[in-house]
Amino acid sequence: METSNAKKKAYACYQCGVCTGICPMARLTEEFKPRLIVQDFQSNQTEDILKKNSLWLCAACYCCYENCPQMINVTDIIADLKGEAVKYGNVPLKVNEDKCIGCANCEYVCPYGAIKVDVHDSKSKSNPELCISCGSCAAECPAIAIAMQNFADQQMKSAIEKTISSFGKGELRIVSFLCNWSAYAGADSTTSSRSIRVMCTGRIDSLFIYHAFLSGADGVLIGACNRGDCYYASGNINAEKRINKIKKQLGDIGVEPERLRFKWISRSEKQKFADVITDFTEKLKKLGPSPLRKMR
Amino acid sequence: MIVVERKNINDILENLKGFKKILLVGCNGCVGIYQLGGEKQAIELAMLINMGNKLKDKKIDTKAITVIRQCDKQIVKEELGPIITDCDIILSLACGAGVQTVAEVFENIPVIPANDTKFIGAQAREKGTLFEMCIACGNCILDKTGGICPVTRCPKSHLNGPCGGVYKGKCETDKERDCAWLLIYNKLKLSGKLESMKKIASPKDFTKAAHPRKQEV
Ligand code: SF4
Ligand code: SF4
Ligand code: FES
Chain V
721 METSNAKKKA
731 YACYQCGVCT
741 GICPMARLTE
751 EFKPRLIVQD
761 FQSNQTEDIL
771 KKNSLWLCAA
781 CYCCYENCPQ
791 MINVTDIIAD
801 LKGEAVKYGN
811 VPLKVNEDKC
821 IGCANCEYVC
831 PYGAIKVDVH
841 DSKSKSNPEL
851 CISCGSCAAE
861 CPAIAIAMQN
871 FADQQMKSAI
881 EKTISSFGKG
891 ELRIVSFLCN
901 WSAYAGADST
911 TSSRSIRVMC
921 TGRIDSLFIY
931 HAFLSGADGV
941 LIGACNRGDC
951 YYASGNINAE
961 KRINKIKKQL
971 GDIGVEPERL
981 RFKWISRSEK
991 QKFADVITDF
1001 TEKLKKLGPS
1011 PLRKMR
Chain G
-10 MIVVERKNIN
0 DILENLKGFK
10 KILLVGCNGC
20 VGIYQLGGEK
30 QAIELAMLIN
40 MGNKLKDKKI
50 DTKAITVIRQ
60 CDKQIVKEEL
70 GPIITDCDII
80 LSLACGAGVQ
90 TVAEVFENIP
100 VIPANDTKFI
110 GAQAREKGTL
120 FEMCIACGNC
130 ILDKTGGICP
140 VTRCPKSHLN
150 GPCGGVYKGK
160 CETDKERDCA
170 WLLIYNKLKL
180 SGKLESMKKI
190 ASPKDFTKAA
200 HPRKQEV
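Protein chains in written order, with the numbering used here: chain V, 721 to 1016; chain G, -10 to 206.
Have a look at this one:
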């Protein structure tokens, strides 16, 4: 591998695990552990990591580098590995070219220029080197042509169903989608255990919301980074737009739009988070179970 | 491209009353590109209809499919033909041309629109807004007006402008709306063609817009 510099540095790693401890993505999933990645990198046993989709979770925030006592640039090591992984067909997302209609909504929404419609064949092409798998493009694609490899549609739907079935009889069923960078970190443990973490609210597809309500949710809460604070630039703004459209549709069909709530919550605003939850719960209690639930 | 707007879901449901098997047909043309009638929107609408069913305790089957262009008879026939037998009404998410194409191809199945077809427009992506650009008058004058259509973009369709209603570049009919004639003036000036503004345009021949029109190709 052409990573001599990174490699030399990696030898200095004494496996303290500060990187894994600080990594926002390691908090998100068991599968992603920077320390182990560096370990494997050190000993040249990268085959396994190169085949794992979770490699793409690294959002290049450089938290690990900043905190590493040996000043090892873990982020860049992972970036190198990402480049290598592409050769194994391991990519952050796949565009189904049979479905892609070349509309460029993905290109427009991507903050990193990581996905572009090819002028020659009018099909969208992704550039794994620039993509940090926020999932905004997949949420916007009208042709359902983009398949995220992490937080895949099916995974998200199962997570929604699992959350809903975790509630006992008579319990209010609140499905919350919380941004890993902000709201999730601000949540207390009871709420967080019942919530669905996303890398960014930009990933939240309108179909997920409808799915939650159809599966029997009484309320759906979206906790996003504050305006201008989204780690992926504009994911939260796009999410808000999407949510507002859904609210209108819900209201028209006869499901109270108040059951869907979008809130800006930063990671330090624990109190705000608690208030939002209390307020939302009270509101939902007043509304009673979702009208979609009373039937059948 | 053709711009549409979703009808109120209750009006759609009203039209679906009494039917048991609905086939929702999206279109990947204009409406797909503008995220108004593509595959995802067809599935969303099917989900909304299912919500409506649950609320009114009805049992209606929904199935969603999307074709590349609904205004193409051949495509519609080939893609929908094999599955069409299984439905008793078609809900089309296309523009008026698409809805009518489907209605014509499948003579004995009712077809209803999910959208109102509004205009031929273009998108300002930053704002996410679609603007009307052309009323298809059949007698294009963009050669004389710097590529900006006053027939469409001036609410009074002035052929010689601007009128006295322009204030600070905006139109008196809407202070958000740019005066089309001021845009024309600026464009002509920048492109060194201001001369053409001095010519008085004579009344336009609107018989060319008399419908229904046809075009041999
Ligand atoms: S948004 Fe989807 S359909 Fe449109 S260009 Fe991108 S991948 Fe293709
Ligand atoms: S996942 Fe995010 S970063 Fe990657 S191509 Fe899509 S929008 Fe861009
Ligand atoms: S990273 Fe938090 S909403 Fe985008």
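We treat Cβ as the ideally placed atom computed from N, Cα and C, and that holds for glycine.
{"Query": "Quick check: is any heavy atom of ligand 2 less than 8 Å from the C-beta of residue 829 of chain V?", "Result": "yes"}
{"Query": "Is any heavy atom in ligand 3 found nearer than 8 Å to the beta carbon of residue 783 of chain V?", "Result": "no"}
{"Query": "Just the Cα atoms here: how many angstroms apart are residue 880 of chain V and residue 82 of chain G?", "Result": "28 Å"}
{"Query": "Identify the continuous beta strand (DSSP E) that holds residue 104 of chain G and give its terminal residues.", "Result": "104 to 113"}
{"Query": "Have a look at residue 26 of chain G and residue 61 of chain G and give me their C-alpha separation to the nearest angstrom.", "Result": "16 Å"}
{"Query": "Could you please tell me which residues of the segment 9 to 40 of chain G, in chain order, have their CB closer than 7 Å to any CB of chain V?", "Result": "17, 21, 22, 24, 27, 28, 29, 30, 32, 33, 36, 37, 39, 40"}
{"Query": "In the DSSP assignment, the alpha helix (DSSP H) including residue 94 of chain G goes from what residue to what residue?", "Result": "85 to 94"}
{"Query": "Within 10 angstroms of the Cβ of residue 802 of chain V, are there 16 or more other Cβ atoms? Answer buried if so, exposed if not.", "Result": "buried"}
{"Query": "Select from V/906, V/833, V/918, V/937 the residue whose C-alpha is nearest the C-alpha of residue 996 of chain V.", "Result": "V/906"}
{"Query": "In angstroms, rounded to a whole number, what distance separates the CA positions of residue 953 of chain V and residue 1004 of chain V?", "Result": "32 Å"}
{"Query": "Step through the CB atoms of chain G and report whether any lies within less than 9 Å of the CB of residue 831 of chain V.", "Result": "no"}
{"Query": "Under 8 Å Cβ-Cβ, which residues of chain V neighbour residue 44 of chain G?", "Result": "973, 974, 975, 1011, 1012, 1015"}
{"Query": "Please determine if the segment 26 to 38 of chain G and the segment 61 to 79 of chain G are in contact, where contact requires at least 3 C-beta pairs separated by less than 8 Å.", "Result": "no"}
{"Query": "Need the endpoints of the alpha helix (DSSP H) that residue 876 of chain V sits in, please.", "Result": "873 to 885"}
{"Query": "DSSP three-state label for residue 170 of chain G, please.", "Result": "helix"}
{"Query": "Is residue 1007 of chain V close to chain G? Criterion is C-beta to C-beta, closer than 9 Å.", "Result": "no"}
{"Query": "Kindly indicate the opening and closing residues of the beta strand (DSSP E) around residue 118 of chain G.", "Result": "118 to 123"}
{"Query": "Within 10 Å of its beta-carbon, does residue 844 of chain V have 16 or more other beta-carbons around it, so buried, or fewer, so exposed?", "Result": "buried"}
{"Query": "Rounded to whole angstroms, what's the CA-CA distance from residue 203 of chain G to residue 125 of chain G? Just pull it up for me.", "Result": "13 Å"}
{"Query": "List the residues that DSSP assigns as beta-bridge partners of residue 814 of chain V.", "Result": "V/867"}
{"Query": "Measuring alpha carbon to alpha carbon, tell me which of V/812, V/965, V/975, V/788 ends up nearest residue 117 of chain G.", "Result": "V/965"}
{"Query": "Just checking my contact of residue 865 of chain V with residue 847 of chain V at CB under 8 Å: how many whole Å lie between their CB atoms?", "Result": "Actually they are not in contact, since the Cβ atoms of residue 865 of chain V and residue 847 of chain V sit about 16 Å apart, beyond 8 Å."}
{"Query": "Decide yes or no for the touch test of the segment 888 to 908 of chain V against the segment 10 to 28 of chain G: beta carbon pairs closer than 8 Å, at least 3 of them.", "Result": "no"}
{"Query": "Take the Cβ of residue 67 of chain G as the centre, count every other Cβ of all protein chains shown within 10 Å, and call the residue buried at 16 or more, exposed below.", "Result": "exposed"}
{"Query": "With 9 Å as the C-beta to C-beta threshold (strictly closer), list the residues of the segment 847 to 866 of chain V near chain G in chain order.", "Result": "860, 861, 862, 863, 864, 865"}
{"Query": "According to the neighbour-count rule (16 or more other Cβ atoms, all chains shown, within 10 Å of its Cβ), is residue 986 of chain V buried or exposed?", "Result": "buried"}
{"Query": "Just mark residue 7 of chain G as buried or exposed, buried being the case when its beta carbon has 16 or more other beta carbons within 10 Å.", "Result": "exposed"}
{"Query": "Using C-beta distances below 7 Å, list every residue in its chain close to residue 1011 of chain V, excluding the 5 sequence neighbours before and after it, in chain order.", "Result": "974, 975"}
{"Query": "Would you mind reading off the limits of the beta strand (DSSP E) that contains residue 940 of chain V?", "Result": "939 to 944"}
{"Query": "Decide yes or no for the touch test of the segment 869 to 879 of chain V against the segment 922 to 929 of chain V: beta carbon pairs closer than 8 Å, at least 3 of them.", "Result": "yes"}
{"Query": "What I want to know is whether the C-beta of residue 21 of chain G ends up closer than 8 Å to one or more non-hydrogen atoms of ligand 2.", "Result": "no"}
{"Query": "Which residues in chain V have a C-beta closer than 8 Å to the C-beta of residue -2 of chain G? List them in chain order.", "Result": "969, 972, 973"}
{"Query": "Indicate whether at least one CB of chain G lies closer than 9 Å to the CB of residue 825 of chain V.", "Result": "yes"}
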